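Asks:
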Amino acid sequence: MGIKDKKLHMIGNAHLDPVWLWNWQEGFQEVKATFKSALDRMKEDENFIFTCSSAAFYEWVEKNNPGMFAEIKKRIEEGRWEIVGGWYIQPDCNIPSGESFVRQGLYAQRYFKEKFGKTAVTGYNVDSFGHNGNLPQILKKSGMDNYVFMRPMPLEKGLPGRTFWWGSEDGSQVLAYRIPYEYCTWGKNLEKYTERLKCELEDGEDNLMMFYGVGNHGGGPTKENIKSIYELNAKEDMPVMEMGTTSGFFETIRSNGKKYHQVTGDLQHHASGCYSVMSRIKRENRRAENLLLAAEAWSTIANKVEGQAYPDDFETAWKGVLFNQFHDILAGTSIPSAYEDASYLYGQAMAIGQRNLNYAIQAISWDINIEEDVTMKPIVVFNAHPFQGRMVIDLEVRGLNNDQFKLTDSEGNVIRAQRIQSEAAVNGQSRLLFTAELKSMGYEVFKLYLNIEEAPAFDHVKVTEYTLENDRYFLEFNPVSGCMKQLFDKKSDLEVLRREGGRLAVIEDKSDTWSHNKFKFDKEIGDMKAVYLHVLEDGPVRSALRIKYKYNQSYVICDFRLYKDLDYVEVKTVADWREPQTMLKVKYPVRFNFRKPTYEIPYGYIEKSANGEEEPGQTWFDFTGEHFEKGKMYGLAIANDAKYSYSFDVDEMCLTILKNSVFAHHDPKQLEEGMEYKFVDEGIQEFTYLLLPHEGTWKDSKIVEHAAALNQKPFTVIETFHQGSQPQKQSFMELKSDHVAAVVMKEAEDQDGIIIRAFETKKQKGMATLMVHFMNREVELNFAPCEIKTVKIPYDISAEITEVNMLEYE
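Residue numbers (the numbering used here): -1 to 808.
1) Should the region 487 to 498 be called in touch with the region 542 to 552, which here means at least 3 C-beta pairs below 8 Å?
2) Provide the residue(s) that pair with M389 in DSSP beta bridges, ordered along the chain.
3) Any idea if D201 is buried or exposed, counting beta-carbon neighbours within 10 angstroms, 16 or more meaning buried?
4) When you compare the region 17 to 37 with the region 61 to 81, are there three or more beta-carbon pairs, one atom per stretch, that lie closer than 8 Å?
5) At 3 residues or longer, what runs of the beta strand (DSSP E) sit wholly inside the region 113 to 143?
6) Which runs of the beta strand (DSSP E) at least 3 residues long sit entirely within the region 711 to 748? Give them in chain order.
7) Measuring CA to CA, which of M389, V494, L436 and Y807 is closest to N709?
8) If you draw a straight line from the C-alpha of E229 to the C-alpha of Y210, how long is it?
9) Could you tell me the distance, in whole angstroms, from the CA atom of L448 to the CA atom of K711?
10) Which residue spans inside the region 40 to 102 form an unbroken alpha helix (DSSP H) run of at least 4?
11) On the three-pair Cβ rule with 8 Å, is the region 630 to 647 touching the region 126 to 143?
12) Taking the beta carbon of A232 as the centre, do at least 16 other beta carbons fall within 10 Å, making it buried, or is it exposed?
13) Along the alpha helix (DSSP H) that carries Q819, what are the first and last residues, could you check?
14) Strictly by DSSP, which residues pair up with V372?
15) With distances taken Cα to Cα, identify the nearest neighbour of V504 among Y308, G480, Y530 and M581.
16) Compute the Euclidean distance between the alpha carbons of L531 and L473, then round it to the nearest angstrom.
17) Based on DSSP bridge pairs, tell me the residues matched to W575.
18) Classify M673 as buried or exposed, calling it buried when 16 or more other Cβ atoms lie within 10 Å of its own Cβ.
19) Take D311 and list the residues in its own chain whose beta-carbon comes closer than 7 Å to its own, dropping the five residues that flank it on each side.
20) Restricting to runs no shorter than 4 residues, where is the alpha helix (DSSP H) found entirely within the region 289 to 329?
21) Secondary structure at S479, three-state DSSP: helix, strand or coil?
22) Kindly list the residues whose CB is nearer than 7 Å to the CB of E680, restricted to its own chain and excluding five residues on each side of it in sequence; keep chain order.
23) Could you check the C-alpha separation between K697 and W618 for me, to the nearest Å?
24) Smallest Cα separation from K816: which of Y644, G305, V459 and M348?
25) Where does E703 sit, in a helix, a strand or coil, going by DSSP?
26) Excluding the 5 residues preceding and the 5 following L431 in the sequence, name in chain order all residues of the same chain whose CB lies nearer than 8 Å to its CB.
27) I want to check one thing, is the minimum distance from the CB of D235 to the heavy atoms of the ligand COA below 7 Å?
28) Given a threshold of 16 other Cβ atoms within 10 Å of its Cβ, counted over all protein chains shown, does W18 qualify as buried or as exposed?
29) What does the alpha-carbon distance come out to for the pair L195 and T161?
30) Taking only runs that begin and end inside the region 485 to 516, name each unbroken beta strand (DSSP E) of 3 or more residues, in chain order.
31) Tell me whether the region 403 to 412 and the region 749 to 756 touch, counting them as touching only if at least three CB pairs, one residue from each stretch, are closer than 8 Å.
32) Quick one: grab the DSSP three-state call for G623.
33) Using the Cα positions of I809 and G246, report the straight-line distance between them to the nearest angstrom.
34) With three or more C-beta pairs closer than 8 Å as the rule, is the region 731 to 743 touching the region 754 to 769?
35) Flag this pair as yes or no: are the beta carbons of F590 and E624 separated by less than 8 Å?
36) Within 10 Å of its beta-carbon, does C182 have 16 or more other beta-carbons around it, so buried, or fewer, so exposed?
What follows is the structure, given as structure tokens:
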């Protein structure tokens, strides 16, 4: 077979970064300029075909230049303009939640269907910095059978070939293609790019895609590019070069009878620093995702139960979040002014979410039948999770100015409660703290009685300057280092830590913002040391020990908290960081052999090696093994509410707190002596993490529920007395299963029912019973291991409950 029997499918494209070293307004203009250039090339050459992703770009053009949009629509109908991606933007493919990836497809594919009569069949993330292992399932269930990417490069991850079947743990597969070398061409003549691929064609590949066109800041294929294709095609020593589409390429290789290798799991690592850099934007992303999910769920309930109109602006809010998940924004690699714009979008999304949530829960709380009692403040607590559990509630209460108070549940039972420091420095106000077993996707009315003569007395969680103790754990701290000397599990009669833990390790990081070609961050230059330890809280609900640490000009304050009725350690952390080109990690060494690391990934989990490499993860990670002395399976899980970067180094599990790089510093640029630079993670930030020791594996620990409860705390409304049709405690929805978690409840896009989305969490096949009490509907769902299911419950009670894909199509 000669070289002329081989084919290069020439994909004319322009990689468009709407934000990077420029702001979105400049990206907006460049999208129009690039699209105009592509349309001009089509007029000049009838063979030219253009490929472009990202529904956001098409929306911009539709709203700002309707004439151009109409011309693009015509070219799509002709087959000369290919829509790819099927997502709103090309996001970071590690950090967004599982539901964010679903919404990328939901809003983009439905937009494409509405405007162009078709959806994308090829997933397309050519510049994203790694790809989580659950994307094949999400792509397939969003209508895409193929996937095109470029990173990780071959030096970062070996693959069996340019083309391979990429699968998720549930069995879903897409046909994937790793772009050779670059996703763009900057030279006029394409000969050097073509020469690179001849050897691969001569090695046995019959069909390859080559991407051409100026990119990053847009531009697209040039006249010289197209001329070069014709000239090279005429040469005898060159393969056939045919201007085409990604879908045409995948159709060709599907029909050639060749078997391709299968790859399961994530595609990593590229730009490992991007899992941690720019803490603020990552925290805002987590908060926005969680708030919108809660607001949608309660708006769904309030619409059906109270007639509160379902809001029409959730899509606007989500699109702001999705745009900010663009890989150069969420990954932390853009310029400072671009992050001001990103905060505006997150602010808009959270304002919409907060407003809609408030309308929903107050519509419900106002309809609760609450008896008149002038000595009592009724507090309605809402649990947004479809599981029942004991959760932490705290809220500001005016008039709570002493310890002469009593709190009861809806049935009159007195419960533990504690007065803690107010957010305000005024007389007559404190925060009320308590824990309660809350019903799934439900609420309960708690009753606070102030200034009573005989307040109930409870024993306190034990605390001294160096120790904390409840019924489950004993914690001891080193007064010099501030590290945890002991984390003793009284129930299991074992010590969890191998040596002192909670060590705040300062690491030198001279790499660029991305940390190109760097996989481990292990050059420690010191540990933070304790400035002081003192008792912060001493109460019946929780006690807390505050430890302040220092390193050079930087400080970290950790409040270690133990609750009377909760089997985990909570650590609220505030960092004020001033050290340039450093990374900060908190490290816990575990007392186990045969250790297995596990991370949460979007709508799933993955097991990795304990080789010290930085890994991306979602809300929790875990180390499980055989305990040294006890010989039993035991583990430590850590959940958090703002971070995404982890590592395991032999026996230490490490959570990366920050990476203080120069903004948008890209290797090989050398930082100049004497130049003043802005640093990404300089200043104050806060987050909270949980330590959850457990017998057995992480699957026995309820870490999925604990992480969810940490990230989405209960909502409260201080109500008044009024008659109503609702009881003082109820559940609106529950999912009965020990291995399936429901995440989403929203109105269907077609407004004819509700959507519930759930995923299997433990790689176990089995049944789950979904009970939607407020609609009087119930259904049995059969889950395959690691499966994500989307269920539609019609408003019409005579219509069947059905499973739909992620686009909400049957």
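Note that the Cβ used here is the ideal one computed from N, Cα and C, for glycine as well.
Small disclaimer: the values here were computed from a predicted structure and weren't measured.
Replies: In this structure, then:
1) No, they do not touch.
2) Note: M389 sits in a beta bridge opposite A434.
3) D201 counts as exposed, since fewer than 16 other beta carbons sit within 10 angstroms of its beta carbon.
4) Cβ pair count under 8 Å is three or more, so yes.
5) DSSP runs (the beta strand (DSSP E)) wholly in the region 113 to 143: 120 to 123.
6) If we require 3 residues or more, the beta strand (DSSP E) runs fully inside the region 711 to 748 come out as 713 to 716, 727 to 729, 731 to 734 and 738 to 745.
7) That would be M389, whose Cα lies nearest to the Cα of N709.
8) E229 and Y210 have their C-alpha atoms roughly 15 Å apart.
9) Distance between the alpha carbons of L448 and K711 is about 25 Å.
10) Entirely contained in the region 40 to 102, the alpha helix (DSSP H) runs reaching 4 residues are, in chain order, 53 to 62 and 64 to 76.
11) No, the region 630 to 647 does not touch the region 126 to 143.
12) Burial call: exposed.
13) Since the first residue shown for the chain is -1 and the last is 808, residue 819 is missing from the structure and cannot be characterised.
14) V372 pairs with nothing; no bridge assigned.
15) When only C-alpha atoms are compared, the closest one is M581.
16) For L531 and L473, the gap between their C-alpha atoms comes out near 14 Å.
17) W575 is bridged to G681.
18) When all chains shown are included, M673 counts as exposed.
19) Counting only Cβ-Cβ distances below 7 Å, and skipping sequence neighbours, we find I350.
20) The region 289 to 329 contains these whole alpha helix (DSSP H) runs: 312 to 322 and 325 to 328.
21) Residue state, collapsed to three classes: coil.
22) Result list for E680: W575, R576 and N658, in chain order.
23) Cα-Cα distance, rounded: 12 Å.
24) Because residue 816 is not part of the residues shown, which for the chain are -1 to 808, the question remains open.
25) In the structure shown, E703 sits in a helix (DSSP, three-state: H, G or I).
26) Beyond the five residues adjoining it in sequence on each side, L431 comes within less than 8 Å, by CB distance, of V390, I391, D392, A415, Q416, R417, I418, G537, V539 and R540 in the same chain, given in chain order.
27) Among the components modelled here there is no ligand, and therefore nothing to report on the ligand COA.
28) Here W18 is buried, its C-beta having at least 16 other C-beta atoms within 10 Å.
29) Straight-line Cα distance between these residues: approximately 14 Å.
30) The region 485 to 516 contains these whole beta strand (DSSP E) runs: 501 to 506.
31) Touching, no.
32) Looking at G623 - three-state DSSP - the assignment turns out to be strand.
33) Given a span of -1 to 808 for the chain in the structure shown, any question on residue 809 remains unanswerable.
34) At 8 Å Cβ cutoff, the stretches touch.
35) Yes; because the gap between Cβ atoms is below 8 Å, this pair is in contact.
36) Buried is the call here.
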